[in-house]
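> Counting from 1, position 97 in the sequence shown corresponds to residue 98 in my numbering; the numbering is continuous, with no gaps.
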Amino acid sequence: MNYLAHLFLSGDDEDLRLGNFIADSVRGAQILVFPARVQQGIKLHRLIDAYTDTHPIVHQTKERLRPKFRKYAGVVADVYYDHFLASNFHLYSPQPLKTFAAEAYSQIQRDPKLLPERVMHFLPYMVNQNWLVSYAQISGITRALTGLSRRTTFDSGMERAGEELELNYPFYQKEFEQFFPELQAYVTQQISLITFSEK
Numbered sequence: 002m003n004y005l006a007h008l009f010l011s012g013d014d015e016d017l018r019l020g021n022f023i024a025d026s027v028r029g030a031q032i033l034v035f036p037a038r039v040q041q042g043i044k045l046h047r048l049i050d051a052y053t054d055t056h057p058i059v060h061q062t063k064e065r066l067r068p069k070f071r072k073y074a075g076v077v078a079d080v081y082y083d084h085f086l087a088s089n090f091h092l093y094s095p096q097p098l099k100t101f102a103a104e105a106y107s108q109i110q111r112d113p114k115l116l117p118e119r120v121m122h123f124l125p126y127m128v129n130q131n132w133l134v135s136y137a138q139i140s141g142i143t144r145a146l147t148g149l150s151r152r153t154t155f156d157s158g159m160e161r162a163g164e165e166l167e168l169n170y171p172f173y174q175k176e177f178e179q180f181f182p183e184l185q186a187y188v189t190q191q192i193s194l195i196t197f198s199e200k
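1. Using beta-carbon positions only, say whether I43 and G20 come within less than 8 Å of one another.
2. If you draw a straight line from the C-alpha of V188 to the C-alpha of L10, how long is it?
3. Determine the burial state of M2: buried for a count of at least 16 other Cβ atoms within 10 Å of its Cβ, exposed for fewer.
4. Please classify A137: does DSSP put it in a helix, a strand, or coil?
5. With distances taken Cα to Cα, identify the nearest neighbour of A137 among Q185, F85, A24, L33.
6. What is the rounded straight-line gap between the Cα of L149 and the Cα of H46?
7. Rounded to a whole number of angstroms, what is the C-alpha to C-alpha distance between D25 and R144?
8. Buried or exposed for Y82, please, with buried defined as at least 16 other CB atoms from any protein chain shown within 10 angstroms of its CB.
9. Cutting at 6 Å between CB atoms, please list the residues of its own chain near A162, excluding the five before and the five after it.
10. Are A201 and V134 closer than 8 Å when you measure CB to CB?
11. Looking at the C-beta of I58, does it have a partner C-beta in chain B at a distance below 8 Å?
12. Identify, in the order they occur along the chain, each residue of the same chain with its Cβ nearer than 6 Å to the Cβ of G158, setting aside the five sequence neighbours on each side.
13. Please name the residue, chosen from I109, R152, E176, that lies closest to V120 on a Cα-to-Cα basis.
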């Protein structure tokens with residue numbers, strides 16, 4: 002899953018949300034420098050990724066993408082799924098996407114000393130260009146994937162992923178709609194276990 006899904010799945014817990022957001026920029030023992038609940042958010046992010054990467058529905062999505070995007074099929078799938086969450090946010094949250102995004106940006110920036118250097122580098126672009134809201138449009142994820150493609154060492158094809166989404170939109174949407182409720186149920190269970198273990 003990509004940024005929007007990780008933030009959304011964290012619920013209303015700000016520290017859990019922060020950890021979930023920064024997790025990809027935290028390596029090994031670096032996790033120990035963060036407050037306990039932020040550490041839990043980092044671990045939750047990794048559980049979400051592991052669950053997603055091994056789910057049979059997500060496997061179907063990635064297999065359809067693999068001929069065009071090869072090892073980046075998983076990256077493209079993650080961004081596609083954020084698109085479907087963003088474009089149908091009202092089905093999953095009583096809060097408008099624009100409001101959710103503004104609150105998330107504010108929370109993430111509340112304590113800059115907790116942000117890894119990599120996050121500090123891309124966060125201004127994320128906020129100024131409102132990535133979370135832009136994901137609702139195919140043009141928004143095309144920009145995101147084009148940006149990612151520029152950082153690969155060879156032709157990833159990700160800049161053409163918007164065309165693929167338009168071509169096979171119903172298939173990817175159906176897979177997301179089947180998968181996401183299962184992911185939500187899994188994350189709710191994991192958060193309950195985390196909370197229980199802290200008592």
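Positions of the beta carbon are idealized from the N, C-alpha and C atoms, including for glycine.
The relevant details are as follows:
1. yes
2. 7 Å
3. buried
4. It is coil, neither helix nor strand.
5. F85
6. Rounded to whole angstroms, the separation of the alpha carbons of H46 and L149 is 20 Å.
7. Their backbone Cα atoms lie some 21 Å apart in a straight line.
8. Buried, because 16 or more other Cβ atoms sit within 10 Å of the Cβ of Y82.
9. V77, L146
10. Only positions 2 to 200 of the chain appear in the structure, and residue 201 is not among them; the question remains open.
11. No chain B appears in this structure, which consists of one protein chain only.
12. K69, F70
13. I109
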